[in-house]
Structure formats: structure tokens, C-alpha cells
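In this note's numbering, the protein residues as written are 85 to 678.
Glycine is no exception: its CB is placed at the ideal position from the N, C-alpha and C atoms.
Below is the structure:
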């Protein structure tokens, strides 16, 4: 050997680095491995890594088991300290795709000892990785002196919503798994999953975690700059229509990598109907895939025209009419008393408004009601002039509808993440917990009130309740905005909705969110709400019980505002036209009404 023969002893070989081993020839590497009775197949880089692992692990002889077994004392996963942290790219060892491929290609059956290949598991693992089945990845370094580390994560089932995990027969909505890697080389030491095939560590879920770690470690931001490269000579394919696209699983290389762009692109805002494009998409889905979740969520055959007609009066008063007169008050009272919403109409409305802010039915229905999000504004209002609040409740500010408020966008973006994390925490103490999305609910007992909740919870232990998610955004002027703090740290700010009580978050009794959740419980007729505060640093869950005394006080104020402000606007449309709802004495004198 050219380089190996230059070493004075085997002790000197132990200090060789990977870079030094790369100077060896392939024939020298294979001769060294053959002398150690190790496998000699593979590329030069594979051979270099194999020699380096053999040197650092003290492996000198023995029959090759196909995965270059490393003799080291692996810390038992069950005995690990509770020192887990969110994954960081710097924590991931130098794991490569070919390392994971070899992990599945060259194995022995743990029962018979014969060589076996887990190619099918490997293919499924790549698909799970590409489709983001893996989530909540945590890292444990064990200790500073340890030469290996652990990663644990959860994996979504591929076929069912709930699956049997472990040997106890317990049902869960996810699989729990972990892998052990060498810190220096990224060598896969072990793996385990609580699925039926996960004891040996070669199931598709373990593979998906390994591929996800490699994908995270070698992200595009760590590659060389690509934007300054010259344009390729071959012309790239043009955009295609949806009907011309071949849909296939992500692991099929034959799929054309072309995005379904619209046929006619118009960068400016829509002049007429801002929902025209969405309507066209839904019409296309109806023709080609009417059973997909997106179509069933956003487009239902149920019409809410009958519901909307309930709130449309038969006539409109002139601008000279005093809406505070006894005659008008009697008309408004009769209109409210005749307002009837049946249980069937309520159920149909809830189904027709799922998807909430991306559903035009939801937007139209809310413009006729006092919804739970404004209960606090109505109950705490001080001024006698309701015009500004009416304009906001009835959605008159068209110019404000398309504005992207950072806090609102942040809440919508992170709501699903918070709900999933809440469900995982709830499953730790209860079983058979289901979380369901809902639309706009109108309780037939209160036909002028509505509630759009984040999620409806059913639990065998706790019963039925509501989840209200708050993802505080905070001000970027602060050194650390709310979204980047622990929920308990947010409570130190007097502007925050919660306060600390015995080290836990508690919603302030006079905050508008308290009026919101009490209204939701009253309309849904449930005894509790789990008030969730989620930030990037943690989650807090407070169970709030229904307060009947507070609700009675709220109901009186809500009824009064709807009767004396919203219904008069229905009969006049003055605020909508930029006028004052109620005439002052000067205007009344000019119209000779007093």
C-alpha cells in the first residue's frame, strides 16, 4: 500500500483523518479493508468512511454484517435524561442519503440471521419524508463526552386517522420513534418505532426520520450559490393546464415538475369579484375531483340565501325619519321577535360556512350577526354613537378587507400548528380525543348572535368543549416580541391578555377575549373552553368554565345593541352610505320633526 505502508504502526493509523484517507488510492483502501475482513464494495467515499469508522471504533476483524457495526456503548433510550431540545441544523451529524440507503440495503434478518433488503420500506420512507409526515423532531446530546446522540419525533399514519401503537393495544394519532447516530460520522447506530414493524428499527417511519434529518442538514441554504449561473440552453417547459398534468406520488421520477399556473395571469387586483379566481378553481375541481377535501370544504351545495333573507327588512326608512321614535322602536322590536332560525337552518349554515375566512358564505353570514369576536367591544362600549362599531360589524369597510395585518396573518398561519400541539398535550392525560373544525354557528335561541370557534373537542374523560387559539404577535419595536417569548413571559407585559397566577397564565376577567369565550360556550351550550396561548417558545392551556351570571349581563347588552343599533341600520342603511345613523336635534328641527 502506498500510504498505509508509510505508517510505522497501527497506532499511527488511528490518528488518520478523513481528509488524509481520501489521499489513498481505491486499491489501497480495498486492500486495507480486505486485511481487516471487512466489505470492499462501494465508491471511494464509501470506502474512506468505512476505513475511518473501523479505525475510530477499533473494529479489526469479524464477519461484516453489511452495515459496518460499530462497537460502542450506546446509552439506553429509556434511561436518557429529560434534556431534549428542538432540532437545530448544527446538531445533526454529517448524515448522507447514501448512508440511509445502505441502512436499508445491507441488513440481516434479526430472527434468522440471513441477509435481507428493506427496499420497500426505503421507498415508503422517502415518500413520507417528501410529504412531511415527520414532525416535532427533538435532539438529545446525552452529554458532552458521548460519541453518539439521539433524535426523537412523531410520524403521521399513512392510512388511518388512529392506529394501534406498542404492545398494549393503545390507539394514537401518531407513531413515536427515535434513532441513534454517531456525532462524528453520522453512522446509524440504532432505531426504534412503536409501530408493529418498528422493533428492529427498519420500518418506513424510522427511515422517514433519517431522510428528514438529512434533508434538514443539507438544505438549499447550505449549497453553493445558484442564481449567478448562466441560463441553460434547453428551453424550460411552458406552464400547463390542470387537465394536462399527470398527478403521481412524490417518489415517481416520471412526474413532470411543472406547476399548474393559471391560463391568464393578471398581477393587479380584481376589478369586479375578488372571489372570481377561487370560484373558477372550485368549478374545475367539481368536474375532475369533486370528492377532494378542498372542494367539500369551500364549496357546498347548500345555499344560505334563506338564512340571509331572515335579516332583510321589507322596506327602508327615509333619511328624514327619526329612528328613535316610538313608532320605529315598535317596528324594530317586532322585527327582532319575528326573527326565527330553525335547527335545520342552523346546521346547514354551519356546514356551509366551514373554512371560515376563505369561505364567502361565512363572510356574508357574519355581516348579519353579532359574532363572539365583537361581544367584548359591544359589552364594554362607552360612547353613545354606534356608527364606527356598526361599520366594523357589518363589514362595510371594503378597503380594509384586503389589508394584510401581520398579527392576523400570523394567527391564521400558526393556528393549525397550535391545535395539533394542543391535541398532543391533551392525549397525554386523556384518550380518544377528537378535534373538529367548525363553521359559523347560530343558536336558534339567539338568532342574532353567532360564534366561529377554532375547534370543537370531544373527549371521553372531559366531555365536549371548545378550543380557542391565540397566537400573539407582539410589536417588532420590542426587543423580544410576544411571538418569540414563553407564554408566561408575555404576561409580564401589562398589554397582554393574560396575567400570571401561581406561575400559570390566566385570562384577564375584563379582557374582550373573556367575553368572546363566554359567548362561545353559551351558543354551543358546552361547559368549558380550553384557552390556548401559543408562541414559538411554548404553549399554555387554561380551562375556563362557563359563567352564567356574566352571560346574563352580556346577553342584556348584546340584545340592546342589536335592537337599538343594528336593526335600525338594516331599516335605513345610513351608516353604509356614510351618513349618521341617528339624527341630532338640529337636523330634526330642519326637517320639522319636532
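Closest by C-alpha distance to residue i, when choosing among the options
i           : options            : result
residue 436 : 189, 405, 124, 391 : 391
residue 589 : 565, 623, 426      : 623
residue 649 : 412, 555, 216      : 412
residue 614 : 505, 398, 579, 527 : 505
residue 109 : 101, 123, 122, 129 : 129
residue 600 : 584, 536, 557      : 536
residue 166 : 107, 206, 234      : 234
residue 618 : 216, 252, 287, 552 : 552
residue 532 : 630, 639, 496, 513 : 639
residue 240 : 223, 401, 259, 253 : 259
residue 280 : 292, 249, 257      : 249
residue 406 : 325, 159, 177, 667 : 667
residue 373 : 395, 402, 397, 327 : 327
residue 275 : 160, 452, 125, 489 : 160
residue 176 : 492, 293, 375, 583 : 293
residue 579 : 586, 587, 596      : 596
residue 183 : 173, 261, 291      : 291
residue 456 : 121, 563, 598      : 598
residue 557 : 517, 620, 208      : 620
residue 402 : 657, 502, 477, 179 : 657
residue 243 : 548, 232, 222, 217 : 217
residue 427 : 530, 325, 420      : 530
residue 286 : 262, 117, 300      : 262
residue 545 : 214, 587, 518      : 518
residue 231 : 206, 512, 272      : 272
Residues that residue i bridges to, as DSSP identifies them
i           : result
residue 107 : Its beta-bridge partners do not exist; DSSP assigns none.
residue 578 : Answer by DSSP bridge pairing: none, since residue 578 is not bridged.
residue 540 : 520, 550
residue 533 : 454
residue 584 : 589
residue 232 : 266
residue 239 : 218, 259
residue 170 : 222
residue 272 : 265
Three-state secondary structure assigned by DSSP to residue i
i           : result
residue 161 : helix
residue 264 : strand
residue 255 : strand
residue 442 : helix
residue 523 : coil
residue 559 : coil
residue 549 : strand
residue 463 : helix
residue 457 : helix
residue 215 : coil
residue 284 : coil
residue 344 : With a pLDDT of 49 at residue 344, under the threshold of 50, the modelled position of this residue cannot be trusted; read the value that follows with caution. Looking at residue 344 - three-state DSSP - the assignment turns out to be coil, as it is neither helix nor strand.
residue 515 : coil
residue 677 : Caution is warranted here: a pLDDT of 44 is assigned to residue 677, below 50, making its placement in the model unreliable, and the coordinate value is therefore given only provisionally. Coil, per DSSP.
residue 277 : strand
residue 289 : helix
residue 570 : coil
residue 468 : coil
residue 221 : strand
residue 474 : helix
residue 503 : helix
residue 135 : helix
residue 149 : Caution applies to residue 149, whose pLDDT of 42 falls short of 50 and renders its modelled position unreliable; the model cannot decide the point.
residue 662 : coil
residue 247 : strand
residue 447 : helix
residue 207 : helix
residue 508 : helix
residue 491 : helix
residue 599 : helix
residue 300 : helix
residue 114 : helix
residue 202 : coil
residue 667 : coil
Distance cut-off 7 Å: residue i Cβ against heavy atoms of the ligand NAD
i           : result
residue 421 : This structure lacks the ligand NAD; in fact it carries no ligand of any kind.
Any chain C beta carbon closer than 8 Å to residue i
i           : result
residue 541 : As a matter of chain content, chain C is missing from the structure shown, which is built from one protein chain.
Check: How about the stretch 524-541 and the stretch 263-273: do they share at least three Cβ pairs that are nearer than 8 Å?
Finding: no
Note to self: At 4 residues or longer, what runs of the alpha helix (DSSP H) sit wholly inside the stretch 363-436?
What the structure shows: 377-382, 389-393, 410-421, 427-436
Next item on the list: Only counting runs of 4 or more residues, tell me where the alpha helix (DSSP H) segments fall wholly within the stretch 605-654, in order along the chain.
Entry: 632-645, 651-654
Margin query: Could you check whether the stretch 642-662 touches the stretch 605-613, counting it as contact only if at least three pairs of C-beta atoms, one from each stretch, sit closer than 8 Å?
Written below: no
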